[in-house]
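Per the numbering used here, residue 266 is the first one in the sequence shown, and the count goes up by one each step. Ideal placement from N, C-alpha and C gives every residue a C-beta, glycine not left out.
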Amino acid sequence: GGGSGATGGGSGSSGGGQAGGGQAGGAGGGMALTCARCTTWGPANPGLPIQDAELVELSGLAASRAHPGVLWAHNDSGDTARFFAVSDTGKALGRFELPGATAIDWEDIALGPCPAGTCVYLADIGDNALKRGVYTVYRVTEPNVAVDAVFTVQNVQWDAFSFQYPGGEKNNAETLMVHPTEGDLYVVSKENAGVPSRVFRFPRPLDSSTTVTLVPVATLTVPGPTDSPMTGGDINPCGNAILLRMYNRLVELRLAPGAAFETIFTAMPREVPVAPEVQGEAVTWAPDGRGYATSSEKVANSVPSIDLVGCQD
Numbered sequence: 266g267g268g269s270g271a272t273g274g275g276s277g278s279s280g281g282g283q284a285g286g287g288q289a290g291g292a293g294g295g296m297a298l299t300c301a302r303c304t305t306w307g308p309a310n311p312g313l314p315i316q317d318a319e320l321v322e323l324s325g326l327a328a329s330r331a332h333p334g335v336l337w338a339h340n341d342s343g344d345t346a347r348f349f350a351v352s353d354t355g356k357a358l359g360r361f362e363l364p365g366a367t368a369i370d371w372e373d374i375a376l377g378p379c380p381a382g383t384c385v386y387l388a389d390i391g392d393n394a395l396k397r398g399v400y401t402v403y404r405v406t407e408p409n410v411a412v413d414a415v416f417t418v419q420n421v422q423w424d425a426f427s428f429q430y431p432g433g434e435k436n437n438a439e440t441l442m443v444h445p446t447e448g449d450l451y452v453v454s455k456e457n458a459g460v461p462s463r464v465f466r467f468p469r470p471l472d473s474s475t476t477v478t479l480v481p482v483a484t485l486t487v488p489g490p491t492d493s494p495m496t497g498g499d500i501n502p503c504g505n506a507i508l509l510r511m512y513n514r515l516v517e518l519r520l521a522p523g524a525a526f527e528t529i530f531t532a533m534p535r536e537v538p539v540a541p542e543v544q545g546e547a548v549t550w551a552p553d554g555r556g557y558a559t560s561s562e563k564v565a566n567s568v569p570s571i572d573l574v575g576c577q578d
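If you want it as structure tokens, here you go:
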């Protein structure tokens, strides 16, 4: 399994309430990595089924770097405010409740630096009916869960970052990405067929005391079928490549050496392998940037699985 975010997890804390505001930018530190470029990805084969019967509408994945083989996941709209820990072989490891938080339409999950070290970011950003106007990203210190852990159910502390889009416009979005060292939060809109997705960033520093207005960053151009809306994404642990998920496609964008990070959104997308998934909405990088994991929502009688792809170089 894989995921972005700075190294060094914090321990989970029990009890509801606020985890404390403050900025995320660069506070997590973390070990410097060198993510070697992969020339040949694959193969992309269906993986092992997820063994948690309550994780059925999987909409986001983020792999721990502090706890190898552990992935964080959550359900789509209709669930309570909680997330799950599973192993990269599908084993159920735990459920983590956010007391007092709301889950209108959680659509993605990411790891990134925060004042506590490494945090899990949960994106309540779905808006199919375009009626919300104000959206929220929740932040939780990464729980301390090993791949061989006994199943646990915990309450965790959280803080929340509310935002709106420029001009008060309403957008549907299913992609949240956190820069692994800078801590910047990026939201990618999910558009109708033929309309390019747009990338927005939270203003710096993060502020939990007010509703902020996101900053427009870029418009994404992804060649190929125009009926491929963005359903997920992740920045690699080195901050020099991005995976963008569509229902049945996956593309990689690479940062030019020495270039400013946000120029990556204008890079030429490269198609990379993805397992056949009924409604793919989740993707996360491996901790070393040499692989990635995907998953799908449950459709009809299908059981979601963790599908792993490695580098063949």
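When beta bridges are read from the DSSP output, A388 appears opposite D373, V402. Nearest C-alpha to I500 among A483, T484, L520: L520. By the neighbour-count criterion, in which a residue is buried when 16 or more other Cβ atoms sit within 10 angstroms of its Cβ, V543 is exposed.
When the beta-carbon positions are compared, D353 and G325 stay at least 8 Å from each other.
For V443, the enclosing beta strand (DSSP E) starts and ends at 438-443.
In the structure shown, the three-state DSSP call for P569 is coil.
A Cβ-Cβ distance of about 6 Å is found for the pair N513 and G545, placing them in contact under the 8 Å criterion. Taking each of V539, D370, V487, C503 in turn and checking the Cα distance to F526, the smallest one comes out for C503.
Beta-bridge analysis with DSSP links A328 to L336.
Residue pairing of P314 in beta bridges, as defined by DSSP: S570.
The shortest C-alpha to C-alpha distance from P534 to any of L441, V460, R510 is the one to R510.
According to the DSSP secondary-structure assignment, A558 is paired through a beta bridge with T549, L573. Looking at the DSSP output, R360 shares a beta bridge with F349, V418. Contact check for V537 and E517: beta-carbon distance about 5 Å, within the 8 Å limit, so the pair qualifies. Shown here, G343 sits in coil according to DSSP, grouped into three states, outside any helix or strand.
Nearest C-alpha to P314 among C576, P569, L573: P569.
For L509, the enclosing beta strand (DSSP E) has its first and last residue at 506-511. For R469, the closest alpha carbon among the candidates D373, P461, V460, V480 is that of V480.
In the structure shown, the three-state DSSP call for F426 is strand.
Restricting attention to Q422, F416, A414, G391, the CA atom closest to the CA of T406 is found in Q422.
The C-beta distance from M442 to A483 rounds to 12 Å, too long to fall under 8 Å, and the pair is not in contact. F349 sits close to D317, with the two beta carbons spaced by under 8 Å. Counting every other CB atom within 10 Å of its CB across the protein chains shown gives F361 a total of 16 or more, marking it as buried. Collapsing the DSSP output to three states places P481 in a strand. Here L395 is exposed, its C-beta having fewer than 16 other C-beta atoms within 10 Å. In this structure, DSSP gives P378 an extended state, which the three-state scheme calls strand.
Straight-line measurement puts the Cα of W550 at about 20 Å from the Cα of P494. Listed as beta-bridge partners of I500 by DSSP are I507. The beta-carbon separation of L471 and F426, rounded to 6 Å, stays under the 8 Å limit for a contact. Selection V351, C300, A301, E456 evaluated against L323 yields V351 as nearest (Cα-Cα).
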